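Everything in the sequence shown is counted per my numbering, starting at 100 for the first residue and increasing by one.
Let me begin by presenting the structure, written as structure tokens, before commenting on it.
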Amino acid sequence: MDLKEKLQSIEKEAEKLFKDVDDLDRLEELRIEFLGKKGRITDVLRQMGKIPAEERPVIGLIANQLKAKLNELIQLKMNELEELIREKRLAEEKIDITLPGAGPEIGHYHPLTQIINEVKDVFIGLGFTIAEGPEIETEYNNFEALNVPEHHPARDLQDTFYIDDKYLLRTHTSPVQIRTLARQKPPIRVIAPGRVYRSDELDASHSPVFHQVEGLVIDKDISFSDLKGTIELFVKAIYGENRSLRFRPSYFPFTEPSAEVDISCIVCGGKGCRLCSHTGWLEVMGSGMVHPNVLEMAGLDTRVYSGFAFGMGWDRVAMLKYGIDDIRLFFENDRRFLHQF
Ligand code: DAH
Numbered sequence: 100m101d102l103k104e105k106l107q108s109i110e111k112e113a114e115k116l117f118k119d120v121d122d123l124d125r126l127e128e129l130r131i132e133f134l135g136k137k138g139r140i141t142d143v144l145r146q147m148g149k150i151p152a153e154e155r156p157v158i159g160l161i162a163n164q165l166k167a168k169l170n171e172l173i174q175l176k177m178n179e180l181e182e183l184i185r186e187k188r189l190a191e192e193k194i195d196i197t198l199p200g201a202g203p204e205i206g207h208y209h210p211l212t213q214i215i216n217e218v219k220d221v222f223i224g225l226g227f228t229i230a231e232g233p234e235i236e237t238e239y240n241n242f243e244a245l246n247v248p249e250h251h252p253a254r255d256l257q258d259t260f261y262i263d264d265k266y267l268l269r270t271h272t273s274p275v276q277i278r279t280l281a282r283q284k285p286p287i288r289v290i291a292p293g294r295v296y297r298s299d300e301l302d303a304s305h306s307p308v309f310h311q312v313e314g315l316v317i318d319k320d321i322s323f324s325d326l327k328g329t330i331e332l333f334v335k336a337i338y339g340e341n342r343s344l345r346f347r348p349s350y351f352p353f354t355e356p357s358a359e360v361d362i363s364c365i366v367c368g369g370k371g372c373r374l375c376s377h378t379g380w381l382e383v384m385g386s387g388m389v390h391p392n393v394l395e396m397a398g399l400d401t402r403v404y405s406g407f408a409f410g411m412g413w414d415r416v417a418m419l420k421y422g423i424d425d426i427r428l429f430f431e432n433d434r435r436f437l438h439q440f
């Protein structure tokens, strides 16, 4: 086979191989095989020394034409393959715009915030304003000024987180009564929602941090019937018109007389069930007429002024309203829980 025939057979073989190529790597392999420095065309040209000098330009010309032709074939094939790859990618990335989209997630208030907002609305509607106090309180405001004597069990180290001799984490919202009395003259109508602390073991119904709302009304001619009317209106607004309530004599150092407020059980309606320990009643708050000692320590004339106060845990309000049986859920902030409200 002379060189010319060799080149012709290379041409045939190349045409056939290039036609079947279906990926870019294989194409590059073939380019090196035919056109590379040690490729088959170069190989033919190396044998030029063996042929007569006058034939060399002819063979050189044919070889160059073949190189040009193969380069063109490669270029065409490359374009074709790149186009295929692009089409494939587009098909894969195609978006079905008829699918329904993922709607934006809209945040909402924590269930405890929702409840306190409802509670606030009820009292604001009655002409109350919102009062606040710090969570780090003085022993004086938390106990002394509320007529809690020094050796009262409520002061026990077991219940109270003391910071030092003078400061503690407030164990109830009642010290906001004292702060309000110190900065405001009667008539006073405030509620004070906030966080409170007690060194309780954490379990389904106890948390070392929980929430209370305090209420305080001071004016001339305030009587126990004002207390009853206000609380009855509140209970019905929050727990429903059909809820019955009762005032049970009780004791708090800062009120006299004092009463615990019970509502008819929201599960059994009064028949008796597990939630109400078969009594038909649920205890929801403490209340009473503000003790004269408290008013006097605040510098008010008890011949002119009287008042009532109440205090309740609002975690419990939320638990009763939503049928939640574990207080810890409020603080764990598991989205599966929160999303239900
Ligand atoms: N401070 C009381 C507690 O934490 C609740 C309470 C009872 C508040 C009677 C009051 C009240 O204002 O009059 O248990």
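Think of the CB as a built atom: it goes at the ideal place given N, C-alpha and C, for glycine as much as any other residue.
Nothing here was measured: the structure is a model prediction, and the numbers come from that model.
Delimiting residues of the alpha helix (DSSP H) encompassing residue i
i	result
residue 66	Residue 66 is absent from the structure shown; the chain starts at 100 and stops at 440.
residue 338	323–338
residue 427	Premise fails: residue 427 is in no alpha helix (DSSP H) and is neither H nor E.
residue 189	155–191
residue 124	123–134
residue 435	434–437
residue 145	139–145
residue 281	274–282
6 angstroms CB neighbourhood of residue i in its chain, flanking five on each side removed
i	result
residue 396	244
residue 222	290
residue 105	143
residue 228	289
residue 123	180
residue 382	359, 361
Identity of the residues DSSP links to residue i by a beta bridge
i	result
residue 294	310
residue 408	315, 387
residue 413	Looking at the DSSP assignment, residue 413 forms no beta bridge with any residue, so it has no partner.
residue 381	362
residue 288	316
residue 229	290
residue 268	235
residue 261	267
Contact set for residue i: own chain, Cβ-Cβ below 7 angstroms, skip 5 residues either direction
i	result
residue 267	236, 238, 241, 259, 260, 261
residue 423	417
Segment limits, beta strand (DSSP E) that includes residue i
i	result
residue 204	Taken as a continuous stretch (DSSP letters only), residue 204 belongs to no beta strand (DSSP E), as it is neither H nor E.
residue 351	344–351
residue 355	354–363
residue 237	235–237
Neighbour flag for residue i against chain C, beta carbons, 8 angstroms
i	result
residue 376	Chain labels in this structure do not include chain C; a single protein chain is all it has.
Sequence-distant residues of its chain with Cβ nearer than 8 angstroms to residue i (five each side left out)
i	result
residue 215	292, 310, 312, 413
residue 133	109, 113, 139, 140, 169
residue 117	126, 129, 169, 172, 173, 176
residue 272	232, 291, 292, 293, 295, 311, 312, 313, 410
Residue i CB to nearest heavy atom of ligand 2 below 7 angstroms
i	result
residue 115	No copy of ligand 2 appears in this structure; the ligands present are ligand 1.
- Are the segment 367–374 and the segment 314–321 touching, with three or more C-beta to C-beta distances below 8 angstroms? Below 8 angstroms, too few C-beta pairs join the segment 367–374 and the segment 314–321 to call them touching: fewer than three.
- Any contact of the segment 196–215 with the segment 249–268, i.e. 3+ C-beta pairs under 8 angstroms? Note that the segment 196–215 does not touch the segment 249–268; fewer than 3 beta-carbon pairs, one per stretch, sit closer than 8 angstroms.
- Output the residues surrounding ligand 1, defined as those with a CB atom closer than 6 angstroms to any ligand heavy atom, in chain order. Counting every residue whose Cβ lies closer than 6 angstroms to a heavy atom of ligand 1, we get 271, 273, 313, 351, 354, 385, 386, 387, 408, 409, 410.
- Given 8 angstroms, three or more beta-carbon pairs between the segment 300–310 and the segment 340–353: Because the criterion of three Cβ pairs below 8 angstroms is not met, the segment 300–310 and the segment 340–353 do not touch.
- For the 8 angstroms Cβ check, are there 3 or more pairs between the segment 345–363 and the segment 304–314? At 8 angstroms Cβ cutoff, the stretches do not touch.
- Message: Does the segment 218–236 come into contact with the segment 285–292, if we say contact requires no fewer than three beta-carbon pairs (one atom in each stretch) closer than 8 angstroms?
- Response: Yes, they touch.
- Taking three-plus beta-carbon pairs below 8 angstroms as touching, is the segment 355–370 in contact with the segment 280–289? No, the segment 355–370 is not in contact with the segment 280–289.
- Query: Is the segment 143–159 touching the segment 102–119 in the sense that three or more CB pairs, one from each, lie closer than 8 angstroms?
  - Reply: At 8 angstroms Cβ cutoff, the stretches touch.
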